[in-house]
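Notes follow once the structure below has been shown.
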Amino acid sequence: MSLVLQALVNGLVSGTLLAVPAIGFTAMFAVLRFPNFSVSGVATLGAFAGYVAYAASFGLVGSLAVAFAVAGAVGLFFDRTAHLPLVRQGALPAAIASIASGLVLENLVRLGFGNDLRGFDRPIARDIHIADIRVSPQQLETMGMALAVMLAVFAGLAFTRIGKAMRASADNPELAALKGIRPRRVAMMASFVGMGLVGIGGMLLGLDSSIDPLTGTRILLSIFASAVLGGLGSPTGAVLGACLIGVAEELSVLVVGSPYRTAVGFFAILIVLTLRPRGLLGERAF
Amino acid sequence: MLNYLLFIATMGSLYGLLALSLNLIWGGAGMVNLGLAGFFAVGAYASALVTTSGHGPILAGWMLALIAGGFAGLVVTLSTTRLREDYLAIVTLGFAEVVRLLAANETWLTHGTDGISGIPGPWKATLGPDFNAAYLAIVLAVLGAVFVLVRRLDRSPYGRVLRAIREDAQVAQVAGKSVLRFKAEAFALSAAIAGLAGALYAHFTSYIAPDLFLPLITIYIFLAVAGGGTGRPAGALVGAYLLMLLLESARFFVELVPSISAVQRAALKELLIAVTLILVLRLAPGGLMPERIPVAPRPRAQGKR
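Taken in sequence, the protein lines are chains A and B. Every number in my numbering is 8 more than the matching position in the first sequence, counting from 1. Every number in my numbering is 175 more than the matching position in the second sequence, counting from 1.
In structure tokens form, the structure reads like this:
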């Protein structure tokens, strides 16, 4: 029993971290209308940018800001130069180009840092025990930061002009343009913030374990699964989806063993698409 | 040197098979398969297992690879063909990953990461040093047969329906075509071809392992089809051989770069391929041999007025 409880707690922690890039991915999908596979490379890039900043004693919050800025800027660059010009031909060419972009970023990181695993050099602290459940202070710290980032994103979407413009554009691009919302600005903002969140996500997930050039590729399916489960285009859905996927992944380790952890996302996607294609909170199946 | 050329030609032809498989659905019906490497692996493992653990004849292995690939294709499409193609992209990507996980972890069946070695080649003992040339002939024969098949399909009413679905699925549906059935069939056929390519690969190199079926192969084939021309089987074939040329020249090129490690060399090579794919998609969307859209025939006068 305590094993299951522990898995639940761990799942909620990793789900909270996963929610950050999932929000980024789903927001980009809502505005730009293609699945951006380069999140794998961008998450890796964010993790390494944060790693370098942390090693240069920027502190945790400062390093997260660096991860956000670098990932956002590079993600925006690739969206502008490689993906968005192709969206006119349809979502698929853009999606394929974005796979190639992810590969470019992954290999740029590999050129610079090699394939070795690297860990963030964080102070060691004693685990906190509540009954039979173990939680490390580091886990709580990263979780707190993920929650703070999410809070900022939701506040931004709800209260700022650009946030409202993004929601309007996602809902109905023609109507939004008619109302004087400039689609280009909204698209650029969606790319920058979305990719920034993906970068933060890469670093947050790296803080808990270690990072290498494949960090992003490993979490790609989990990010997609969270977004699809929650309903593509719905940020709240992405959070819910990420928590469910996080818990399901941890529980799956108890049932089928850790090698098949990454398969959970795939089967979750298959099940959701078969039973409820629009996802839990999605308004429509795009 | 001759063996090297034979190897290149055989690998190029296998990529050609995969390119025909991808072109059938991407160029034909506007669907993508980001799990091409997974179907390739399914075929390779099916045939390898039948002929090593199962002691079956090679031809049976190839048949099973076709069936296994097609069946896997059906399973993957059943939940997604109803929906937009980008869902299919996500699902197929996941499929390839799951295949690799299964191959790496179901050790009782696949020998895990050690892979399967000693996969028999046809008449390998009798042919001796001539095996490579003979095998190339076999691969070319299969490639030729598949090429003729997909080209006939492409020009048949069936191919026209697929293209209609690609252009506008709703219109095709209104015209009375079962979009779901056509898409599932095309995808299954395409996956079967990829499976057959995998089987041919396994019996050529006589060794397979999970690490040989990385998603990178899928990227290669997308480059081949995008470069050669989507929507035309001949374009896909030309693209596949050009891809082989590019891969080999990239290999020589990265050898020339001084003072970098092996890991960096490999990274540089992948980087070059990925950048080339982006450039091709951006600058030459039709590829070298763009699709020829036939002029619609003038409707014949319908009898007397």
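C-beta atoms are modelled at their ideal positions from N, C-alpha and C, and glycine is treated no differently.
Item	Value
Residue interval of the beta strand (DSSP E) (run including A:V143)	I141 to V143
Integer Cβ distance of B:T267 from B:G210, believed to fall under 8 Å	4 Å
Enclosing alpha helix (DSSP H) for B:H378 [first to last residue]	V354 to T380
Chain A within 8 Å of B:E445, Cβ atoms only	yes
Inter-residue spacing [alpha-carbon to alpha-carbon] between A:A178 and A:G241	8 Å
Residue from B:T185, B:Y179, B:I183 and B:G191 with nearest C-alpha to B:A409	B:G191
Selected residue, minimal CA-CA separation from A:T52, among A:C251, A:G210, A:I136 and A:H137	A:G210
Nonlocal neighbours in the same chain, by C-beta distance under 7 Å from B:R480, ignoring five residues either side	Residue confidence for B:R480 is low, a pLDDT of 48 falling below 50, so the modelled location carries little weight; the figure read from the coordinates is stated next. So the list is empty, once near-sequence residues are dropped.
B:I394 - partner residues in DSSP beta bridges	Per DSSP, none; premise fails for B:I394.
Residue range of the unbroken beta strand (DSSP E) whose run includes A:I138	I136 to I138
With 16 other Cβ atoms within 10 Å as the buried cut-off, status of A:S266	exposed
Where B:I383 falls: helix, strand or coil (DSSP)	strand
Given A:A105 as reference, the closest of B:I453, B:A271 and B:A347 once Cα atoms are compared	B:I453
Beta-carbon gap between A:V78 and A:A55 smaller than 8 Å	no
Residue interval of the alpha helix (DSSP H) (run including B:N280)	E260 to N280
is_contact[A:F294, chain B] using C-beta, thresh 8 Å	Only weak support exists for where A:F294 lies, its pLDDT of 47 falling under 50; the coordinates are left without a value.
At least three beta-carbon pairs within less than 8 Å, the stretch 194-202 of chain A to the stretch 23-38 of chain A	yes
Beta-carbon proximity list for A:E114, same chain, < 8 Å, skipping 5 on both sides	S48, G49, T52, P221, L222, G224 and T225
Where B:I291 sits in the DSSP three-state scheme	strand
Within chain A, the residues that B:Q439 reaches when beta carbons sit closer than 8 Å	R118, L119 and G122
Spatial distance of B:M419 from B:Q439 (CA atoms)	21 Å
Whether A:P43 touches B:A316 by CB criterion (8 Å)	no
B:V194 vs B:G403 beta-carbon contact at 8 Å	Here residue 194 of chain B is Ala; the residue named in the question, Val, does not match the sequence. In this structure, B:G403 lies closer than 8 Å to B:A194 by Cβ.
Through-space distance from A:L281 to B:S254, alpha-carbon basis	6 Å
Beta-carbon proximity list for B:V160, same chain, < 6 Å, skipping 5 on both sides	This structure gives no information on residue 160 of chain B, because the portion of chain B shown stretches from 176 to 480.
Residues of its chain near A:L212, where Cβ-Cβ distance is below 8 Å and the 5 sequence neighbours each way are ignored	L25, V28, L72, T150, M153 and A154
Chain A contacts made by the stretch 266-290 of chain B, where a contact means CB separation under 9 Å	V266, L268, G269, F270, E272, V273, L276, L277, A279 and N280
Contact under 8 Å by Cβ, B:A366 with B:G244	yes
Beta-carbon proximity check, B:A240 vs B:G205, cutoff 8 Å	no
Buried or exposed (CB count within 10 angstroms, at least 16 for buried), B:K358	buried
Partner residues on chain B for A:I277, Cβ-Cβ distance less than 7 Å	I265, V266 and G269
Of the residues A:V161, A:A108 and A:G32, the one placed nearest A:F232, counting alpha carbons only	A:G32
Element boundaries [alpha helix (DSSP H), containing B:M176]	That residue, B:M176, is in no alpha helix (DSSP H); it is neither H nor E in DSSP.
Pairwise C-alpha distance: B:L197 and A:F294	Note that A:F294 scores a pLDDT of 47, beneath 50, so its modelled location is shaky and nothing firm can be said.
Within chain A, the residues that B:Y376 reaches when beta carbons sit closer than 8 Å	Here the premise fails: no neighbours, minimum Cβ distance about 22 Å.
Exposure of B:F214, with buried meaning 16 or more beta-carbon neighbours within 10 Å	buried
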